[in-house]
Amino acid sequence: MDYTTLGKTGLKVSVAGLGCGGPSRLGMRGDAASENHAVRLIKQALDLGVNFLDTAESYATEGIVGKAVAGLPRDRVVISTKKTLPTPDQANPEAEIVKGLEQSLKLLGTDYIDVYHLHGVEPKDYKFAQNRLMAPMRRLKEQGKIRFIGVTEGFVVDTSHTMLQDSLKKDLWDVVMVGFNLLNPSARKAVFPLTVKNGVGVLDMFAVRRALSQPKRLKEICAELVAKGALAKDSVDLNDPLGFLFKETDAATLPEAAYRFCRHERGVDVVLTGTGNPEHLKENIRAILKPPLPKAALEKLESLFGGLDNLTGN
Ligand SMILES: NC(=O)c1ccc[n+]([C@@H]2O[C@H](COP(=O)([O-])OP(=O)(O)OC[C@H]3O[C@@H](n4cnc5c(N)ncnc54)[C@H](OP(=O)(O)O)[C@@H]3O)[C@@H](O)[C@H]2O)c1
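Position in the sequence shown counted from 1, then plus 871, gives you my numbering.
1) Tell me whether serine 1084, by its Cβ, gets closer than 7 angstroms to a heavy atom of ligand 1.
2) Just to confirm, does histidine 990 get its C-beta within under 7 angstroms of one of the non-hydrogen atoms of ligand 1?
3) Taking only heavy atoms of ligand 1 into account, decide whether any of them is closer than 7 angstroms to the Cβ of alanine 909.
4) Hey, out of Asp946, His988 and Leu978, whose CA is closest to threonine 952's CA?
5) Taking 8 angstroms as the cut-off, decide whether the C-beta atoms of threonine 868 and proline 1165 are in contact.
6) DSSP three-state call for threonine 1124: helix, strand or coil?
7) Can you check DSSP and say which residues form a bridge with alanine 1058?
8) Do three or more CB pairs link the region 1017–1034 to the region 974–990 at distances below 8 angstroms?
9) Identify every run of the beta strand (DSSP E) within the region 892–930, keeping only runs that are complete inside it and at least 3 residues long; order them along the chain.
10) What are the partner residues of phenylalanine 1019, as DSSP defines its beta bridges?
11) Can you give me the start and stop residues for the beta strand (DSSP E) that methionine 1048 sits inside?
12) Between the region 1134–1143 and the region 875–889, can you find at least three pairs of beta-carbon atoms closer than 8 angstroms?
13) Helix, strand or coil: which one does DSSP assign to threonine 932?
14) Report yes if the CB atom of glycine 878 is closer than 8 angstroms to the CB atom of glycine 1070, and no otherwise.
15) What residue from Pro994, Glu1154, Arg947 and Arg1003 has the CA that sits closest to proline 959's CA?
16) Are the Cβ atoms of arginine 896 and threonine 932 separated by less than 8 angstroms?
17) With distances taken Cα to Cα, identify the nearest neighbour of cysteine 1133 among Ile1092, Leu1169, Leu1152 and Met872.
18) How many Å lie between leucine 1179 and glutamate 1150 at the Cα?
19) Could you give the residue range of the beta strand (DSSP E) that holds threonine 1030?
20) Considering only heavy atoms of ligand 1, does any lie closer than 7 angstroms to the CB of glycine 893?
21) Leaving out five residues on either side along the sequence, give the residues of the same chain with a beta carbon under 7 angstroms from the beta carbon of aspartate 996.
22) Going by DSSP, what residue range makes up the alpha helix (DSSP H) through valine 969?
23) Going by the CB atoms, is the gap between leucine 1053 and leucine 1089 shorter than 8 angstroms?
24) Could you round the C-beta distance between valine 1062 and tyrosine 1130 to whole angstroms and report it? I think they count as a contact, below 8 angstroms.
25) Please confirm whether any heavy atom of ligand 1 lies closer than 7 angstroms to the CB of histidine 1151.
What follows is the structure, encoded as structure tokens:
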């Protein structure tokens, strides 16, 4: 495993982080795999050198993370979890933050969270988050119950990173979680210059998602882009839109190319990988540890998708 420093937090983190949510939820989405399977998957990640685990109140995997790390020295893992936003009409949204944190601590079996995020802050939530939720977050930090304050963007509705662009002008976050992948690399211009300048740690989500793990979905998305005029018709082979990557690089699979693309982006500290499949986990960590894709392939990706900021790749 390779390790890096998560911005100004100073935390030493593995460049591959295990995402315990997303479409897989450690394999527990849909036809749920057993909790034991999920615990084993986390332990496998730890054995492979991962020390960054990302979960959330809303994933219902905090208890599983708690079981997987029970008995380990607390500083062996960096735990990132998230509070679902209370709504502004709740009588006491500040108290909801504290209540959520206490519940997370209990499920995770710890007395502090390394990075505690406000989860999925959309542009419409930003003022509320800033005016009402930052004060309790800061108090929890002062009390030592959380070490660092994070935010995750609502990438599905905010594919061009409006909330982060606004909020990164202020000194609110120690860490941010950003949607960034080879189909929508817009964070490169919109977010990373600000995070690098201010020493804010960056966690990358949506590296692969559906479009970069399911060839059928990739074809659909590229066909939609051509229909909208966002991709020139003669610029891609709609039967195999990213086929050129396998001729021009040593990447063996699309997820491999997609994770490598993210891993070597300047400004990305941790690439989160979400999977329920032990073989995928092994492959993905191997991919994240491989060298960058060759320059020519990166330039071709840039010419195709470099200007896009209106899709998630889901
Ligand atoms: N707003 C937020 O706060 C937010 C939103 C989204 C995600 N997240 C965080 O980010 C983490 C990563 O999520 P993500 O959805 O962005 O993960 P991702 O790693 O980009 O994509 C996960 C999807 O790709 C598939 N996949 C992974 N490796 C594969 C491989 N080698 N071959 C084929 N398919 C593969 C997985 O299915 P298999 O299970 O079959 O491998 C799953 O469907 C989440 O777990 C969560 O912690 C946060």
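Note that the Cβ used here is the ideal one computed from N, Cα and C, for glycine as well.
Per the coordinate set shown:
1) At least one heavy atom of ligand 1 is found less than 7 angstroms from the C-beta of serine 1084.
2) Yes, the beta carbon of histidine 990 sits closer than 7 angstroms to at least one heavy atom of ligand 1.
3) no
4) Taking the Cα of threonine 952 as reference, the smallest distance to any Cα among Asp946, His988 and Leu978 is reached at His988.
5) The shown model of the chain, from 872 to 1185, leaves out residue 868, and the question about it has no answer.
6) coil
7) Looking at the DSSP assignment, alanine 1058 forms no beta bridge with any residue, so it has no partner.
8) The region 1017–1034 vs the region 974–990: in contact.
9) 923–925
10) Val986
11) 1046–1050 is the extent of the beta strand (DSSP E) around methionine 1048.
12) yes
13) Three-state result, threonine 932: coil.
14) yes
15) Nearest of Pro994, Glu1154, Arg947 and Arg1003 to proline 959, Cα basis: Arg1003.
16) Yes, the Cβ-Cβ distance between arginine 896 and threonine 932 is below 8 angstroms.
17) Answer by Cα proximity: Leu1169.
18) 32 angstroms
19) Run containing threonine 1030: none; DSSP gives neither H nor E here.
20) yes
21) Leu956
22) 964–979
23) Contact check for leucine 1089 against leucine 1053 fails: the beta carbons are separated by 8 angstroms or more.
24) With a Cβ gap of about 19 angstroms, valine 1062 and tyrosine 1130 do not count as contacting.
25) yes
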